[in-house]
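Sequence lines, in order, name chains A and B. Position 64 of the first sequence, counted from 1, bears residue number 63 in numbering that gives the first Met the number 0, the numbering being contiguous throughout. Position 182 of the second sequence, counted from 1, bears residue number 181 in numbering that gives the first Met the number 0, the numbering being contiguous throughout. Backbone N, C-alpha and C define an ideal beta-carbon position, used for all residues, glycine too. Small disclaimer: the values here were computed from a predicted structure and weren't measured. For reference, the structure discussed in these notes is given below.
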Amino acid sequence: MSQKQLPKEFYPLMEELQVVDFVLVELTLYLDTHPNDTAAIQQFNEAAYYRHQLVPQVEQYLGPLQQFGNSYSGYPWNWNEAPWPWQL
Amino acid sequence: MWVYEKKLQYPVKVGTCNPMLAKFLIEQYGGADGELSAALRYLNQRYSIPDEVIGLLTDIGTEEFAHLEMIATMVFKLTKDATADQMKEAGLGAHYANHDNALYYENAAGVPWTASYINAKGDPIADLYEDIAAEEKARATYQWIIDMSDDPDLNDGLKFLREREIVHSQRFREAVEILKEERDRQKIF
């Protein structure tokens, strides 16, 4: 199992993505049972917008975060490059 | 369909190689109240439940797969450097004989995962009450494992997962109330 090291700049960006994704998952579940909460919907959309800004910065170091066309590929095809999440 | 994302929901750190803790943690991987059971239980209930709660079951069921990956990462990190002797000493000799250091969907006692861990009653209230109970049982299991663990890095991840069980339980309780209100509204007219 080869351990590919990512530059140290990657880690705070990944943590930031995990933070904003936590906000998003919490608001998602909350809104599933409180669909009329305008303020929560506004927070959700703001967090979703911020996530869209953040993802390309993470992918600059990690390569594609998602597949099936949700992320662009580099050359050569870099989806299957380590490290995978459990290898970090 | 589902789209995989190449990241963990929450960072998983492990202090030292500790196959004994991995043996306990496998309960949350392939045990009755573990993350695999949870994901499959909720996603399977979606087809016969009222529309109001399909979104919630989809989203919590999906989050359970993220938790399953966190547990897998913990078990992997706790055992990846373990020797055959260390596995044997930790009570994982029978596991090692069959699986080497591979993960397997089994509980802490080595019993393989089975579909009989989950129900599908088709009655929305019965199904949601099962979900609430499952979340509370998973929360309790996380607590028992934290009580036995002396690894503060691991416990950080386990405490995150324990809190998620509480949030899921709360959301399922709200879903029950939504369905009760709907039922009572229909009675009035």
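Indicate the three-state DSSP secondary structure (helix, strand or coil) for LYS4 of chain B in the structure shown. Within the second sequence, residue 4 of chain B is the residue found at index 5, counting from 1. For the record, residue 4 of chain B in the displayed sequence is Glu; it is not Lys. Strand, per DSSP.
Extent of the continuous alpha helix (DSSP H) run through PHE67 of chain A: Within the first sequence, residue 67 of chain A is the residue found at index 68, counting from 1. First-last for PHE67 of chain A: undefined, no H or E at that position.
Do we get a CB-CB distance below 8 Å when we pair ARG182 of chain B with the residues of chain A? Here the question's residue 182 of chain B lines up with position 183 in the second sequence. Under the Cβ distance rule, ARG182 of chain B does not count among the residues neighbouring chain A, no pair being separated by less than 8 Å.
Chain-ordered neighbours of ASN69 of chain A on chain B, where CB pairs are closer than 8 Å: Reading the first sequence from its first residue, position 70 is the one you call residue 69 of chain A. Those are VAL2, listed as they occur along chain B.
Taking only beta-carbon positions, decide if GLU34 of chain B is within less than 8 Å of chain A. If you number the second sequence from 1, residue 34 of chain B lands on position 35. Taking Cβ atoms only, chain A never reaches closer than 8 Å to GLU34 of chain B, which makes this a no.
Could you spell out where the alpha helix (DSSP H) holding LEU91 of chain B opens and where it closes? Locating residue 91 of chain B in the second sequence gives position 92, where the first residue counts as 1. Premise fails: LEU91 of chain B is in no alpha helix (DSSP H) and is neither H nor E.
Is DSSP giving PRO75 of chain A helix, strand or coil here? One-based indexing of the first sequence puts residue 75 of chain A at position 76. PRO75 of chain A: coil per DSSP, three-state reduction.
What does GLN8 of chain B reach in chain A if we use C-beta pairs closer than 9 Å? Taking the first residue of the second sequence as 1, we reach residue 8 of chain B at position 9. Going along chain A in sequence order, the residues near GLN8 of chain B (Cβ under 9 Å) are GLN17, ASP20, PHE21 and VAL24.
Residue from B:ASP126, B:LEU7 and B:THR15 whose Cα sits closest to the Cα of LEU16 of chain A: Counting from 1 along the first sequence, the entry for residue 16 of chain A is found at position 17. Cα-wise, what sits closest to LEU16 of chain A is B:LEU7.
Cβ pair TYR141 of chain B, LEU127 of chain B closer than 8 Å: Within the second sequence, numbered from 1, the residue matching residue 141 of chain B stands at position 142. Within the second sequence, numbered from 1, the residue matching residue 127 of chain B stands at position 128. For the pair TYR141 of chain B and LEU127 of chain B, the CB atoms are not nearer than the 8 Å cut-off.
How is the alpha helix (DSSP H) around ARG50 of chain A delimited, first residue to last? Stepping through the first sequence from its first residue, residue 50 of chain A is reached at position 51. ARG50 of chain A -> alpha helix (DSSP H) spans 37-61.
When you check each C-beta in the segment 152-184 of chain B against every C-beta of chain A, which residues fall closer than 8 Å? Residues VAL166, HIS167, ARG170, GLU173, ALA174 and ILE177.
Are any of the Cβ atoms in chain A nearer than 8 Å to that of LEU190 of chain B? Because residue 190 of chain B is not part of the residues shown, which for chain B are 0 to 188, the question remains open.
Quick one, which of B:GLU134, B:ILE124, B:THR61 and B:VAL166 has its alpha-carbon nearest SER47 of chain B's? Taking the second sequence and counting its residues from 1, the one referred to as residue 47 of chain B is at position 48. The candidate whose alpha carbon is nearest that of SER47 of chain B is B:ILE124.
Return yes when the Cβ of ILE53 of chain B is within less than 8 Å of the Cβ of HIS167 of chain B, no when it is not. Within the second sequence, the letter at position 168 stands for residue 167 of chain B. Within the second sequence, the letter at position 54 stands for residue 53 of chain B. In this structure, ILE53 of chain B does not lie closer than 8 Å to HIS167 of chain B by Cβ.
By the three-class DSSP mapping on this structure, what secondary structure does GLU8 of chain A have? Here the question's residue 8 of chain A lines up with position 9 in the first sequence. In the structure shown, GLU8 of chain A sits in coil (DSSP, three-state: anything other than H, G, I, E or B).
By alpha-carbon positions, which one of A:LEU30, A:TYR49 and A:TYR48 ends up nearest to ILE40 of chain A? Taking the first sequence and counting its residues from 1, one reaches residue 40 of chain A at position 41. When only C-alpha atoms are compared, the closest one is A:LEU30.
Using a threshold of 8 Å, state whether the C-beta atoms of TRP78 of chain A and GLN86 of chain A are closer than that. Here residue 78 of chain A refers to the residue found at position 79 of the first sequence. Here residue 86 of chain A refers to the residue found at position 87 of the first sequence. Against a cut-off of 8 Å, the Cβ pair of GLN86 of chain A and TRP78 of chain A comes out as no contact.
Answer with yes or no whether the minimum CB distance from ALA93 of chain B to chain A is below 8 Å. For the purposes of this step, residue 93 of chain B is taken as residue 94 along the second sequence, with counting starting at 1. No - not a single Cβ of chain A is within 8 Å of the one on ALA93 of chain B.
Cα-Cα separation between ALA93 of chain B and ILE117 of chain B, rounded to whole angstroms: Here residue 93 of chain B corresponds to residue number 94 of the second sequence, with the count starting at 1. Here residue 117 of chain B corresponds to residue number 118 of the second sequence, with the count starting at 1. Roughly 26 Å between the two C-alpha positions.
Which chain A residues sit within Cβ distance under 7 Å of GLY54 of chain B? Translated into the one-based positions of the second sequence, residue 54 of chain B becomes position 55. Within chain A, ASP31 have C-beta atoms less than 7 Å from the C-beta of GLY54 of chain B, given in sequence order.
Looking at C-beta atoms only, is the number of pairs between the segment 7-16 of chain B and the segment 34-50 of chain B that lie closer than 8 Å three or more? The segment 7-16 of chain B, when compared against the segment 34-50 of chain B, does not touch it at the 8 Å Cβ threshold.
With DSSP as the reference, label MET0 of chain A as helix, strand or coil. Here residue 0 of chain A is taken as the residue at index 1 of the first sequence, counted from 1. Low per-residue confidence applies at MET0 of chain A: pLDDT is 49, beneath 50, and the placement is therefore not dependable, though the value from the model is reported in the following sentence. DSSP, reduced to helix, strand and coil, places MET0 of chain A outside both helices and strands of the structure shown, so it counts as coil.
Buried or exposed for GLN27 of chain B, going by 16 or more other Cβ atoms inside 10 Å? Taking the first residue of the second sequence as position 1, residue 27 of chain B is located at position 28. Burial call: buried.
Cβ of THR88 of chain A within 8 Å of Cβ of LEU55 of chain B? A query on residue 88 of chain A cannot be resolved here, the shown segment of chain A reaching from 0 to 87 and no further.
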